[in-house]
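Residue numbers (the numbering used here): 1 to 139. Beta carbons: idealized from backbone N, C-alpha and C, even for Gly. On a predicted model such as this, the values are computed, not experimentally measured, just so you know.
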Amino acid sequence: ITFDVGSFGEPIFGGMFEVYFGNVNDIRSYYEQTHGYGFDFQAESEGEEAAAFAFQDRDRGIHGMVFGKRPENSVIAHECSHVARMVLGGVGIPHTPDSDECYSYYLGFLVEGVASAKKAIKENKKKKAPKVKKAKKKT
């Protein structure tokens, strides 16, 4: 299975977000095996890296986003907008002209959360990478 996972908390409503990066079909299989149910999503080609989607896991009380290995910023913002609608709509805040500012701030919070999770994963990989000693040149 080839993917990374990060998470971040939500301070206003007390929620948790999981963010997955990697092979979308592997992530789907992992989730089914780990949690007993999966997503209503199947990448069209094996190992598809460009697919992305958002989900809500009511049993675990989390929301999540699944991305290919290196998602474009526009894809991250797009999926975050779906999650913003799920969360804010779920607590009774419909997206209207009167609530647009609330949605915009929440969208910014989610995008920053995904960026932070992505950065933490990258930094953690650097820390775990074995250091290779350079061979000394013979003179």
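- Beta-bridge pairing by DSSP links M16 to G9, I62.
- By the neighbour-count definition (other C-beta atoms within 10 Å, threshold 16), G14 is an exposed residue.
- For the set A54, T2, E10, the Cα lying nearest the Cα of G113 is the one of E10.
- Secondary structure of A52 (DSSP, three-state): coil.
- Under the DSSP assignment, V75 falls in the alpha helix (DSSP H) whose first and last residues are 73-90.
- With fewer than 16 other Cβ atoms inside 10 Å of its own Cβ, V91 counts as exposed.
- The alpha carbon of F53 has as its nearest neighbour, out of E123, A84, G108, D59, the alpha carbon of A84.
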